[in-house]
């Protein structure tokens with residue numbers, strides 16, 4: 598069985614309101630050499646049923662559901678174990694990605710031989726349906742790419758705590774045994790700090 602280039606990792610918990618739009622945006626990606634791994638954390642709404650319906654109509658979608666509620670950090674770690682692609686991309690179940698999202702990130706990763714490629718995003722007000730660029734809300738996203746100094750990498754990680762914003766070479770994560778800390782506030786942050794320290798080359802687009 599052919600190994601996909603990118604493993605898209607989708608943690609799910611009671612997100613039926615957004616999940617259809619999220620999965621639609623993933624299966625319609627212009628970059629198609631992907632697997633979409635969904636991990637439902639014991640949702641009490643119909644999130645699991647929705648995800649399973651997508652798995653039936655698209656062979657790239659795989660759905661898992663642990664027997665007990667695990668919490669977001671453990672779910673992300675389980676998703677990492679399931680990934681088989683050269684790169685991973687976390688996409689949360691309330692996210693919608695542009696059609697060429699993975700194509701743009703992967704092209705940059707290949708051209709620059711980067712371990713991490715980070716993009717930008719819009720914040721969507723679900724009441725007004727208006728979008729606001731993240732750079733208008735979080736000024737740190739205007740910072741330049743970090744150099745190789747540990748302090749520079751640390752500052753970049755503190756500025757950029759969203760794990761769902763980027764393409765990541767899976768080998769970096771596995772070789773350095775980077776994991777999410779269970780039962781911690783902002784579980785992304787510790788992962789990001791280690792990821793930014795161990796990555797060889799980081800690119801922002």
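Residue numbers (the working numbering): 598 to 802. We put the CB at the ideal spot given by N, CA and C, even for glycine.
Under the three-state DSSP convention, the category residue i falls into
i	result
residue 781	coil
residue 661	strand
residue 673	helix
residue 799	strand
residue 775	coil
residue 656	coil
residue 678	helix
residue 628	coil
residue 617	helix
residue 649	helix
residue 612	coil
residue 640	coil
residue 804	This structure leaves residue 804 out entirely; the chain is present only between 598 and 802.
residue 683	coil
Identified DSSP bridge partners for residue i
i	result
residue 607	635
CB of residue i within 8 Å of CB of residue j, strictly
i	j	result
residue 800	residue 757	no
residue 616	residue 634	no
residue 697	residue 761	no
residue 681	residue 604	yes
residue 686	residue 786	no
residue 647	residue 613	yes
residue 703	residue 777	no
residue 631	residue 608	no
residue 663	residue 676	no
residue 802	residue 688	no
residue 729	residue 717	no
residue 575	residue 684	The requested residue 575 does not occur in the structure, where the chain is confined to residues 598 to 802.
residue 670	residue 789	no
residue 651	residue 699	no
residue 655	residue 611	no
Residue i at chain D interface by Cβ criterion, 8 Å
i	result
residue 613	The question asks about chain D, but that chain is absent: this structure has only one protein chain.
Where are the beta strand (DSSP E) runs, 3 residues long or more, that stay fully inside the region 685-772, in chain order? 713-715, 719-722, 727-730 and 763-766
Pair every Cβ in the region 704-712 with every Cβ in the region 634-646, then say whether three or more of these pairs are closer than 8 Å. no
Under 8 Å, with one C-beta from each stretch per pair, do the region 651-664 and the region 766-783 reach the 3-pair mark? no
The region 787-796 contacting the region 748-756, beta-carbon criterion three pairs below 8 Å: yes
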